[in-house]
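From first to last, the protein sequence lines stand for chains A and B. For the first sequence, numbering that gives the first Met the number 0 begins at 0 and goes up steadily by one. For the second sequence, numbering that gives the first Met the number 0 begins at 0 and goes up steadily by one. Here is the structure we will look at.
Number of protein chains: 2
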Amino acid sequence: MDQQIIQLFINIVGEKNVKQSTAQLLAYSYDATANFQALPDLVLSPRNTEEISEILKICNEYKIPIVPRGSGSNLAAGTVPNQGGIILLFNHMNQIIDFDKENLTITVQPGMITADICNFVEKENLFYPPDPSSMKISTIGGNVSENSGGLRGLKYGVTKDYVKGLTAVLPNGEIIKTGGKLAKDVAGYDLTSLLVGSEGTLAVITEITLKLIPLPKYKMTSIAYFQSLEEAAKTVSAIIAHKIIPVTLEFLDKKTIDAVEQFMNIGLSTDVEAMLIFEQDGDLKQVEQDIKLMTEIAVKHGATFSKIANDESEAEQLKTARRVALSALSRLRPTTILEDATVPRSAIAEMVRRIDEIAEKYQLTIATFGHAGDGNLHPTCLTDVRDQEEIKRVELALEEIFEVALSLGGTITGEHGVGEMKAPYLEWKVGEAGIQLMKGLKAAFDPNNIMNPGKIFAKETKKRVVLQHV
Amino acid sequence: MDQQIIQLFINIVGEKNVKQSTAQLLAYSYDATANFQALPDLVLSPRNTEEISEILKICNEYKIPIVPRGSGSNLAAGTVPNQGGIILLFNHMNQIIDFDKENLTITVQPGMITADICNFVEKENLFYPPDPSSMKISTIGGNVSENSGGLRGLKYGVTKDYVKGLTAVLPNGEIIKTGGKLAKDVAGYDLTSLLVGSEGTLAVITEITLKLIPLPKYKMTSIAYFQSLEEAAKTVSAIIAHKIIPVTLEFLDKKTIDAVEQFMNIGLSTDVEAMLIFEQDGDLKQVEQDIKLMTEIAVKHGATFSKIANDESEAEQLKTARRVALSALSRLRPTTILEDATVPRSAIAEMVRRIDEIAEKYQLTIATFGHAGDGNLHPTCLTDVRDQEEIKRVELALEEIFEVALSLGGTITGEHGVGEMKAPYLEWKVGEAGIQLMKGLKAAFDPNNIMNPGKIFAKETKKRVVLQHV
């Protein structure tokens, strides 16, 4: 990058908020996604919305790519600067701007850590439900940009269900405000929802107003083991058919259970094929009733063992199995690729079976766990990026997994985003007309394509796999 | 319209699905909004998505305006064909396409009446919560296009919170599918949310997949009367501050109470300044507890009388007061203009007081009722369109009401939409950059501006009123 242009940025944010040494640039050349890396030209840490507006005006004038980045926990290479340019950090923009108990909202800067928001409002008996597994390190700005999900999605929805208003800077430097503290607002197109999940490709989000709800008074947890995937999946369907919507309804397959037990030694049964973890919250009587009924439904559908946690510490222990799943699996091989193919919940058993068949076909280790109640599975491929032949097989297997998910009425990504990694597959889900329309929306925001270019839209769509239907 | 072009449309939908007599055209020249009228050139009743695709291709080629219309209960002149062209009806597209108890979804055609959907799913102990006051006559397609609210919005949200997937025809005739039965989907931009509330200006929606939730088992209703607006408003804030989120929390001012009592003679107290109606649903114990606590809070904040309904029939009687409010008021003068200025709920008392001041300033009768819990008020101006001098004062008063709502952090429309009526005020809410951005989105969908032209965006923005702040 031209030294004169760098000086323009230094003039805006100050010398100490510009990183440009090779070591510093390397630190921002990758995110949590395996096998994607590219060096930025410059890393900037602005201090407020106005500085971001000034930065964007320069980027727009000189057509410099700009990639907003939270903690880089993205799993679809969404924050890798694959066309160079600027990485925009929010380390100076991590404060609470407003906490409004009358309207039940909190307004924060994008750099605030998600778990810190949850902890802050819980002290006031309020609740911000979206809980991506990365919440202890991820920023709320990243969550909003990716429309992050989490374990509590079944009952409480995902990030977009809680974003009520945004301040955002358009690529031309204009500052817009969308929505507000209002419960209802239909003044023009819903720009808030369009920006949520737009993966940093439309504008830079600089303030976020979140809806809060009363903190549920009680919660309870139980687990059940099964000798077959079908039994576990049928239990999930039967629970919903009984009109119970638990907070979480998580699934672990045998490979995941084995890995967790080897890692943590918490006493899980390893002679089973699947495990479900149930959690319910709310009024004590209702919670007890729902947990009891869910456990009964599990037993009726073949669960060989079930257990209701006696207290919060036992509940935490049971939930640990799910929380450490990814860490436990990632110990087994040098590279972990965590996917998020999602299907309607009625198709979970079919989806898990097909993933196992695909793993066998390509001779790969794929463990599956995830949010069964949402149909949001995490097939996790354990591999080694240094083995190019194996990585080729991984790529083919993932393509088949996307294809199967779509054939079951699902999607290529339930909560991780498209990023660079899944861009070649987006057309499989939304069709050519959908891609053209989305490109039109992108151009309306960002005619010079400076905002996180090379994400969501691929140069070339992958050919669809021809599946042998079983 | 050229006879040859009319013949092209006849070839698509068949002779009997084309209306073109003056009497027929007159019937579709207005909607529920006072003072707006314009004749269409043709009224078409297509039978399926493919016919709509063919119709749009012709409209796009010959640049013929096309206005999708449900039951015409719109209150912002959103379905008045102010540039002529085609009115598109959905009277042949009013069926349930799919009812999926495993995934808790129902997929319907846009012409289905909202209340019919509610009644259908309630038989299966499922619940579609959005309940606009017009639900017995409004179509779900209209509700989706307007992102309709309703009385249950406080606890359950609005239409957009329940739309999971859409089939839509773009102006170029391309058919797209957005979302699906999935609980989570982040594949590309959220086109579903963008189409919800787009007022027929982007695409024609032809299939709608709605999320359902379990039907709450119990509900209870209570009322409270107050001698001052402040006391009623403080009660609303205090209820939320006590972490109670009731299903409905409705407000009626003295003028509305008087009109209702004159109309229905149901025994309301008319020597009071305001009335609140509370409803809660859920588990019996929780419902009883919440209703009791809300009533206590009302009394603590000055309610002179409160009453918990003893049974469902008494509850219905209490709720009738709110349901008939508009009908009761509309009997008083020849023309009723129902507005939906919305503020954060903490600003309700201030907003109601300012509305009363504005009414006095312009010597108008404005009664106010509405969804207090949402901050969504319905100032209702009772007037006579034949009196041009009075109508001029009405217009000035409404402008001031919009201005005050915005100054309190509110919006120009909470649930009715912008349509033609509020288009001159949209810029007040979203700013010039917001308008330009929205116009860019519109152009990405509809470059020839055939979809419901002249709505949302005005030729000219009204100058903002200079308010004398009190």
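By construction, the Cβ of each residue, glycine as well, lies at the ideal position given by its N, Cα and C atoms. Being a predicted model, the structure only gives us computed values, none of them experimental.
Practice problem: Spell out whether any CB of chain A is found under 8 Å from the CB atom of I212 (chain B). | Solution: yes
Quiz item: Does DSSP put N90 (chain B) in a helix, a strand or coil?
Solution: coil
Exercise. Give, in chain order, every residue of the stretch 99–127 of chain A whose Cβ lies closer than 7 Å to some Cβ of chain B.
Key: K100, E101, N102, L103 and N124
Quiz item: Could one say the Cβ of V66 (chain A) lies closer than 8 Å to chain B's Cβ atoms, at least one of them?
Solution: no
Practice problem: Take P39 (chain A) as the anchor and find which of A:I307, A:G84 and A:A26 has the nearest alpha-carbon. | Solution: A:G84
Exercise. Note the first and the last residue of the continuous beta strand (DSSP E) segment covering S305 (chain A).
Key: F304 to I307
Quiz item: What residue range is occupied by the uninterrupted beta strand (DSSP E) comprising R321 (chain A)?
Solution: First-last for R321 (chain A): E311 to R322, but that is the alpha helix (DSSP H), not the beta strand (DSSP E).
Quiz prompt | Backbone secondary structure at D270 (chain A) - three-state DSSP | solution = coil
Quiz item: Is the Cβ of K428 (chain A) closer than 8 Å to any Cβ of chain B?
Solution: yes
Quiz item: Short check: CB of T207 (chain A) to CB of P109 (chain A), under 8 Å?
Solution: The amino acid occupying residue 207 (chain A) in the given sequence is Ile; Thr does not appear at that position. Yes. Within cutoff.
Quiz item: Mind pulling the alpha helix (DSSP H) runs of 4 or more residues that sit fully within the stretch 242–295 of chain A?
Solution: 253–263
Self-check item: For V351 (chain A), the three-state DSSP class (helix, strand or coil)
Solution: helix
Quiz item: In chain order, what residues of the same chain have a beta carbon less than 6 Å from the beta carbon of V12 (chain B), not counting five sequence neighbours either side?
Solution: L43, P45 and E50
Quiz item: Looking at C-beta atoms only, is the number of pairs between the stretch 235–252 of chain B and the stretch 187–203 of chain B that lie closer than 8 Å three or more?
Solution: no
Quiz prompt | Proximal residues to V298 (chain B) (C-beta, below 7 Å), its chain only, five neighbours per side dropped | solution = S305
Self-check item: chain A within 8 Å of L337 (chain B), Cβ atoms only
Solution: no
Quiz item: Beta-carbon separation of L317 (chain B) and I290 (chain B) under 8 Å?
Solution: no
Practice problem: Starting from Y224 (chain B), follow its DSSP beta bridges and name the residues at the other end. | Solution: B:M274 and B:F304
Exercise. Please classify V66 (chain A): does DSSP put it in a helix, a strand, or coil?
Key: strand
Quiz item: Using 8 Å as the limit for Cβ to Cβ distance, is Q343 (chain B) near chain A?
Solution: Correcting the residue type first, residue 343 (chain B) is Pro in the shown sequence and not Gln. Closer than 8 Å to some Cβ of chain A, the Cβ of P343 (chain B) qualifies, so yes.
Quiz prompt | N146 (chain A): contacting residues in chain B (beta-carbon distance under 8 Å) | solution = V185 and D189
Quiz item: Is the Cβ of E173 (chain B) closer than 8 Å to any Cβ of chain A?
Solution: yes
Quiz item: Between the stretch 399–417 of chain A and chain B, which residues of the former have CB atoms less than 8 Å from a CB of the latter, in chain order?
Solution: G408, G409, T410, I411, T412, G413, E414, H415, G416 and V417
Exercise. Look up E101 (chain B) in the DSSP assignment and say whether it is helix, strand or coil.
Key: coil
Practice problem: Name the residue from A:F401, A:N375, A:F444 and A:A443 whose alpha carbon lies nearest to the alpha carbon of L153 (chain A). | Solution: A:N375
Quiz prompt | beta strand (DSSP E) segment containing A167 (chain B), residue limits | solution = V162 to V168
Exercise. With 8 Å as the threshold, decide whether the Cβ of K461 (chain B) is near any Cβ in chain A.
Key: no
Exercise. Below 8 Å CB to CB, which residues in the same chain sit around T412 (chain A) once its five sequence neighbours on both sides are set aside?
Key: A75, D339, A340, T341 and K421
Quiz item: What are the start and end residues of each continuous alpha helix (DSSP H) run of 4 or more residues lying completely inside the stretch 17–77 of chain B, in chain order?
Solution: 21–26 and 48–61
Practice problem: Would you kindly work out how many angstroms separate the C-alpha atoms of I202 (chain B) and Y127 (chain A), rounded to a whole number? | Solution: Checking the sequence shown, residue 202 (chain B) turns out to be Ala, not Ile. Their backbone Cα atoms lie some 34 Å apart in a straight line.
Self-check item: Contacting positions in the stretch 371–403 of chain A - beta carbon closer than 9 Å to chain B
Solution: G372, D373, G374 and N375
Self-check item: Chain-ordered chain B contacts of A182 (chain A) [CB-CB under 9 Å]
Solution: G148, G152, L153, G156, V157, T341, P343, R344, H370, G372, D373, G374, N375 and G413
Exercise. Closer than 8 Å by beta-carbon distance: list the chain C residues that pair up with L169 (chain A), in chain order.
Key: Protein chains in the displayed structure are A and B, and chain C is not among them.
Practice problem: For P423 (chain A), count neighbouring C-beta atoms within 10 Å of its own C-beta (all shown protein chains included) and say buried if the count is 16 or more, exposed if not. | Solution: buried
Quiz item: Taking 8 Å as the CB-CB cut-off, is Q82 (chain A) touching chain B?
Solution: no
Self-check item: Where the stretch 281–313 of chain A meets chain B: residues whose CB sits under 9 Å from a CB there
Solution: G281, D282, K284, Q285 and Q288
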